[in-house]
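Chemist:
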Amino acid sequence: MTNDIAMLGIDIGTTSTKSVIFRTNGSVLASSEISYPTLSPQPAWSEQDPDVILNAVKQSITQAVASSGVSPTSIASAGFSAAMHSLLAVSKEGKPLSKSIIWSDNRSSEQVDTLKATVEAKGFYLRTGTPIHTMSPLAKLLWFKQHSSGLFTQADKFISIKEYVWFHLFGEFVVDHSIASASGLMNLREQQWDQEILHYIGITTDTLSELVPVTYKKVLPSESIAHELGLSPSMPFVIGASDGTLANVGVGAGSSDKTVITIGTSGAVRRTVTEPVTDPNQRTFCYALSDNKWVIGGATNNGGNALRWYRDEWSKGQFATDEMQNKGELYEYLLSLAEKSPAGAQGLLFMPFLNGERAPYWNPSARGAYVGIGNHHTQNDFIRSLLEGVIFSVYSVGIALKELSGPFTEIRASGGFARSPLWLQILADVFNKEIHVPSSYHASAFGAAIISLIATGHLDSFVESDSWTTIDKVYTHQANNHETYQRLHEFYAEIYQSLETPFSKLAAFQKEYTSHLPLK
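Reminder that position 349 of the sequence shown reads as 349 in UniProt numbering, one-by-one numbering, no gaps.
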């Protein structure tokens, strides 16, 4: 394939939508990113306005195309990526009847505890590959049924944010196998809605969108919409897959056993496999990438959000100027302080569970903690310990993943943390492996663009696209640091186990105490 083909990747993320126009060698011709807020009208709630996101999608596409200098007829295809686990209720006409509840929402914790105690729970996980957790649309539907029964019966459909965007562009309710496989409602091996689970919830397939392959494609229904977006009316849009699975494709791990570690707002460890793999201990997920590829691994709830929390809550008034506070310079300053602390942060451990935890513990009641504070610890140690704690959380996922699929051969890093040499060095030292950093930071959008080329016949398979990824840097592990981190991770795991019951009690207390407080 020649490099003169342009392709569009649209990544509907948690904090923003990015539209990126690529060449097939991975070079970026233009990009646009439109941010939007997450709303928390009650404690433990995390939701977004679907129309704000729909407008962000349209605006980002328009801006990317306009700034690219590429003729609309030169863009071969467009593909969608989207964050997993969102759910909103809509009318028959596609009007939103609720906000879009996102993956970090914990309102359904009671429904999750009830479901986990049933004999059906493990079978649900083994058939769907989605752990029983508040992130899943399964749990959100159970919450709707119990706490909003009128809306539960009134809604024509329950859909994800990608389905909402697709409906308002193309006028049909469809969902790709990849997004559906992360709902807790789809049988992985049959690639159909699981009837037993739907019966347990009290819904039918009519309440859900039609399942379609990730290569399903459509053209815009009118020339006016195409011209509004700056695109050719004949250019096909491909429904694509989920952001996590497409991140593997975007860093050259779509067809191999390379392990991908992503840390953005949250974290994840993933591998691509050729058949569904679930964990008897229910620690990992298994999501569809295509008809013959699946991605297994685990996602954590806490990554870059922990450093942002430290910046916002601990750094107020302490550092430099307001100008530094308002810019990304403050992150760089905090990281420079962390570099002054030795590996292991002088024995200070950070448990990074600010938003509860997903893999491998799947415990929404887990809470953050600094453990081992002594009067010898400095601010530098607190920051470095935070970075190390986030890596310990993904390392815990890595241990479970290696038990299921064998040792790691090569690790590739993606996400915002891949811009931090210190964080990447900690990752290399904890995992005791070289860390390969691809040159492109738009992994999910690139993966979406690649899958659009496969769907339109411009590309045969992920094998070819894997060779498009170039490695920008390689971080080599340091043996002495690994020994330090091995000991500290053992403490980390022991501390979590010892605090599991107190975490639950404290989470219940916090819920009771904060229910009457004004929200931030």
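By construction, the Cβ of each residue, glycine as well, lies at the ideal position given by its N, Cα and C atoms. Note that this is a predicted model, so its numbers are computed, not measured.
Just to confirm before moving on: does the CB-CB distance between Val238 and Lys258 stay below 9 Å?
Modeler: In the sequence shown, counting from the first residue as 1, residue 238 sits at position 238. In the sequence shown, counting from the first residue as 1, residue 258 sits at position 258. In this structure, Lys258 does not lie closer than 9 Å to Val238 by Cβ.
Chemist: Could you check where the alpha helix (DSSP H) with Trp103 kicks off and where it finishes?
Modeler: Walking along the sequence shown from the start, residue 103 turns up at place 103. From DSSP, Trp103 is part of no alpha helix (DSSP H); its letter is neither H nor E.
Chemist: List the whole-angstrom C-beta distance separating Ile435 from Leu422, where the pair is believed to meet the contact cut-off of C-beta under 8 Å.
Modeler: Locating residue 435 in the sequence shown gives position 435, counting from the first residue. Locating residue 422 in the sequence shown gives position 422, counting from the first residue. In fact, because the Cβ distance is near 12 Å, the residues do not count as touching under 8 Å.
Chemist: Whole angstroms is fine: what's the gap from Ile203's alpha carbon to His482's?
Modeler: Translated into the one-based positions of the sequence shown, residue 203 becomes position 203. Translated into the one-based positions of the sequence shown, residue 482 becomes position 482. Near 50 Å, if we compare the C-alpha coordinates of His482 and Ile203.
Chemist: At what residues does the beta strand (DSSP E) containing Lys473 begin and finish?
Modeler: What you label residue 473 is simply residue 473 of the sequence shown in a count that begins at 1. Where Lys473 is concerned, the enclosing beta strand (DSSP E) stretches over Ile471 to Tyr475.
Chemist: Could you pull the DSSP bridge partners for Asp11 from this structure?
Modeler: On the sequence shown, position 11 is the one that residue 11 refers to. DSSP lists Lys18 and Ser81 as partners of Asp11.
Chemist: Please report the straight-line C-alpha distance between Ile454 and Ser256, rounded to a whole angstrom.
Modeler: In the sequence shown, the residue the question calls residue 454 occupies position 454. In the sequence shown, the residue the question calls residue 256 occupies position 256. For Ile454 and Ser256, the distance between alpha carbons rounds to 17 Å.
Chemist: Is DSSP giving Asn363 helix, strand or coil here?
Modeler: Here residue 363 is taken as the residue at index 363 of the sequence shown, counted from 1. Asn363: strand per DSSP, three-state reduction.
Chemist: Mind checking which residues open and close the alpha helix (DSSP H) that includes Val165?
Modeler: Taking the first residue of the sequence shown as position 1, residue 165 is located at position 165. Ile161 to Phe170 is the span of the alpha helix (DSSP H), which, as asked, contains Val165.
Chemist: Just the C-alpha distance for Pro41 and Leu499, rounded to the nearest angstrom, thanks.
Modeler: If you number the sequence shown from 1, residue 41 lands on position 41. If you number the sequence shown from 1, residue 499 lands on position 499. About 29 Å.
Chemist: Quick check: what's the CA-CA separation for Ser91 versus Ser160?
Modeler: The count along the sequence shown starts at 1 and reaches residue 91 at position 91. The count along the sequence shown starts at 1 and reaches residue 160 at position 160. Rounded to the nearest angstrom, the two C-alpha atoms are 14 Å apart.
Chemist: Cα separation between Thr272 and Arg412?
Modeler: For the purposes of this step, residue 272 is identified with residue 272 of the sequence shown, where counting begins at 1. For the purposes of this step, residue 412 is identified with residue 412 of the sequence shown, where counting begins at 1. In a straight line, the C-alpha of Thr272 is about 13 Å away from that of Arg412.
Chemist: Considering only the alpha carbon of each residue, which of Ala182, Lys162 and Ser183 lies closest to Phe173?
Modeler: Reading the sequence shown from its first residue, position 173 is the one you call residue 173. When only C-alpha atoms are compared, the closest one is Lys162.
Chemist: By alpha-carbon positions, which one of Arg308, Phe353 and Glu357 ends up nearest to Leu334?
Modeler: The sequence position of residue 334 within the sequence shown is 334, counting from 1. The candidate whose alpha carbon is nearest that of Leu334 is Arg308.
Chemist: Got a sec? Which residues, its chain only, sit under 8 Å from Ala76 by beta carbon, not counting five neighbours each side?
Modeler: Here residue 76 corresponds to residue number 76 of the sequence shown, with the count starting at 1. Cβ neighbours of Ala76 beyond the five flanking positions: Ile5, Ala6, Met7, Met235, Ser452, Leu453, Thr456 and His458.
Chemist: Based on DSSP bridge pairs, tell me the residues matched to Asn187.
Modeler: Looking up residue 187 in the sequence shown gives position 187. DSSP output for Asn187 lists Gln192 as bridge partner(s).
Chemist: Check whether the stretch 272–283 and the stretch 475–491 touch, using three or more Cβ-Cβ pairs below 8 Å as the test.
Modeler: Contact between the stretch 272–283 and the stretch 475–491 is absent, because fewer than three Cβ pairs lie under 8 Å.
Chemist: Jot down the residue ranges of each uninterrupted alpha helix (DSSP H) in the stretch 97–141, minimum 4 residues, whole runs only, in chain order.
Modeler: Counting whole runs of 4 or more residues, the stretch 97–141 contains the alpha helix (DSSP H) stretches 109–116 and 121–128.
Chemist: Is it buried or exposed for Tyr513, if we count other Cβ within 10 angstroms and need 16 for buried?
Modeler: On the sequence shown, residue 513 is found 513 positions in, with the first residue counted as 1. Answer is exposed; the Cβ neighbour count stays below 16.
Chemist: Going straight from the alpha carbon of Phe503 to that of Asp466, what length do you get?
Modeler: Translated into the one-based positions of the sequence shown, residue 503 becomes position 503. Translated into the one-based positions of the sequence shown, residue 466 becomes position 466. In a straight line, the C-alpha of Phe503 is about 43 Å away from that of Asp466.
Chemist: Quick one: Cα of Val219 to Cα of Pro233, how far?
Modeler: Here residue 219 corresponds to residue number 219 of the sequence shown, with the count starting at 1. Here residue 233 corresponds to residue number 233 of the sequence shown, with the count starting at 1. Taking the straight line joining both Cα atoms gives about 7 Å.
Chemist: To which residues does DSSP link Gly298 through a beta bridge?
Modeler: Numbered from 1 along the sequence shown, position 298 holds the residue referred to as residue 298. Answer is Val269.
Chemist: Would you check if the stretch 54–62 and the stretch 104–123 touch, i.e. whether three or more CB-CB distances between them fall below 8 Å?
Modeler: No: fewer than three Cβ pairs fall under 8 Å.
Chemist: On a CA-only basis, which of Val474, Ile21, Gln510 and Lys145 is nearest Leu231? Give me that one, please.
Modeler: On the sequence shown, residue 231 is found 231 positions in, with the first residue counted as 1. The shortest Cα separation from Leu231 among Val474, Ile21, Gln510 and Lys145 belongs to Ile21.
Chemist: Leaving out five residues before and five after Leu229 in sequence, what residues of the same chain have Cβ atoms less than 8 Å from its Cβ?
Modeler: Reading the sequence shown from its first residue, position 229 is the one you call residue 229. Excluding residues within five positions, the ones whose Cβ falls inside 8 Å are Lys58, Ile61, Thr62, Val65 and Leu220.
Chemist: Which residue wins for smallest C-alpha separation from Ile450, given the options Ile399, Ala306, Lys340 and Thr215?
Modeler: One-based indexing of the sequence shown puts residue 450 at position 450. Comparing Cα positions, the closest option is Thr215.
Chemist: Inspect the beta-carbon positions of Arg367 and Ala241 and report whether they are closer than 9 Å.
Modeler: Numbered from 1 along the sequence shown, position 367 holds the residue referred to as residue 367. Numbered from 1 along the sequence shown, position 241 holds the residue referred to as residue 241. No, Cβ-Cβ distance for Arg367 and Ala241 is not below 9 Å.
Chemist: Looking only at DSSP bridge pairs, what is Pro438 linked to?
Modeler: Position 438 of the sequence shown, counted from the first residue, corresponds to residue 438. DSSP lists Ile471 as partners of Pro438.
Chemist: In whole angstroms, what separates the C-alpha of residue 527 from that of Met135?
Modeler: Residue 527 is absent from the structure shown; the chain starts at 1 and stops at 520.
Chemist: When burial is assigned at 16 or more other CB atoms within 10 Å of the CB, is His147 buried or exposed?
Modeler: Position 147 of the sequence shown holds residue 147. His147 comes out exposed.
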